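Under our numbering, the sequence shown has 102 at position 102, and the numbering climbs by one with no breaks.
A quick write-up on the structure given underneath.
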Amino acid sequence: MSMMTEFKEFALKGNVMDLAVGVIIGGAFSTITTSLVEDIIMPLVAMIFGGELNFKNMFVPLGPVPEGVARNYDALKAAGVPLLAYGNFITVLINFLILAFIIFMMVKAVNRLRRNEVAAPEAPAEEVVLLREISAKLGNSTLVK
Numbered sequence: 001m002s003m004m005t006e007f008k009e010f011a012l013k014g015n016v017m018d019l020a021v022g023v024i025i026g027g028a029f030s031t032i033t034t035s036l037v038e039d040i041i042m043p044l045v046a047m048i049f050g051g052e053l054n055f056k057n058m059f060v061p062l063g064p065v066p067e068g069v070a071r072n073y074d075a076l077k078a079a080g081v082p083l084l085a086y087g088n089f090i091t092v093l094i095n096f097l098i099l100a101f102i103i104f105m106m107v108k109a110v111n112r113l114r115r116n117e118v119a120a121p122e123a124p125a126e127e128v129v130l131l132r133e134i135s136a137k138l139g140n141s142t143l144v145k
């Protein structure tokens with residue numbers, strides 16, 4: 001079997017395709033979560049605390065800041081100044097917690113649906129069927145149930 005044939009069998013299996021779809025949807029979902037945090041949650045938090053709250057501009061420069069460079073995250077990062085960007089980390093952490101909670105709720109809903117599905121009863125084993133037939137012919141209905 002050629003390597004190309006083996007690769008084709010591998011790539012076209014259902015699990016690989018499901019994984020690919022999951023990764024693509026996960027990437028899109030991550031973008032949605034980032035927007036939720038940056039565009040909705042953080043402005044609400046800023047409003048509650050009475051001012052503009054921008055976690056991205058919470059950092060500590062770890063090197064010299066060149067003259068003429070604005071002291072904000074984007075300008076310092078572009079100038080190559082090493083930064084301890086704890087505010088950016090807080091934003092990423094909030095994104096993760098929201099994403100983890102949403103995935104937890106989705107898994108919980110799927111598990112609930114699976115529990116509610118009524119499983120079809122399994123067919124009795126061939127031996128059980130034969131024993132029931134023998135029992136019926138002998139007239140003893142309590143022999144095998």
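Note that the Cβ used here is the ideal one computed from N, Cα and C, for glycine as well.
Nothing here was measured: the structure is a model prediction, and the numbers come from that model.
Check, Outcome
"Given this structure, state the Cα-to-Cα distance separating P82 from F49, to the nearest angstrom.", "29 Å"
"Pair every Cβ in the stretch 60-77 with every Cβ in the stretch 13-22, then say whether three or more of these pairs are closer than 8 Å.", "no"
"My assumption, with CB atoms under 8 Å, is that I98 sits in contact with V16. Please give the rounded CB distance.", "Not confirmed; about 29 Å, so no contact."
"Using a Cβ-Cβ cut-off of 7 Å (strictly less than) and excluding sequence neighbours within five positions of K77, which residues of its own chain qualify?", "L83"
"Using a 10 Å radius around the Cβ and a threshold of 16 neighbouring Cβ atoms, would you call Y86 buried or exposed?", "exposed"
"Take the Cβ of M47 as the centre, count every other Cβ of all protein chains shown within 10 Å, and call the residue buried at 16 or more, exposed below.", "exposed"
"Are N88 and F55 touching if we call contact CB-CB under 8 Å?", "yes"
"Check this for me: beta carbons of P64 and A79, under 8 Å apart or not?", "no"
"From the DSSP output, which residues share a beta bridge with L12?", "BP columns for L12 are empty, so no partner."
"Classify P124 as helix, strand or coil using the three-state DSSP reduction.", "coil"
"Does the Cβ of M105 have 16 or more other Cβ atoms within 10 Å, making it buried, or fewer, making it exposed?", "exposed"
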